[in-house]
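Per this note's numbering, residue 28 is the first one in the sequence shown, and the count goes up by one each step. Written below as structure tokens is the structure these notes are about.
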Amino acid sequence: MKTGIHPEYVLSNVTCSCGNTFQTRSTKPELHVEICSNCHPFYTGKQKLMDTGGRVERFQRRLERAGGAPRKG
């Protein structure tokens, strides 16, 4: 390996927009992030699931209006 080409790997402070701070190692001494595990919906359990229900029912209503019968099987 060549010497002198790799950046210095230092202890850095990470600050989230929610106010959470923690330390990790990076090539930069300070990092600012928009989202972290403290405020991300996946980790907090406050997920918003998109309502995908009703698609089958909507298709069946369109099929009935068109005069077709749904196939079985």
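The C-beta atom is built at its ideal place from N, Cα and C for all residues, glycine as well.
Non-local C-beta neighbours of T42 in its own chain, meaning closer than 8 Å and more than five positions away in sequence, comprise T48, E57, L58, H59 and V60, ordered along the chain. Comparing C-alpha distances from V37 to each of T30, R52 and M28 shows the shortest one belongs to R52. Residue pairing of V37 in beta bridges, as defined by DSSP: S53.
Contact between S64 and Q50 fails: their C-beta atoms lie close to 14 Å from each other, not under 8 Å.
When beta bridges are read from the DSSP output, V60 appears opposite C43.
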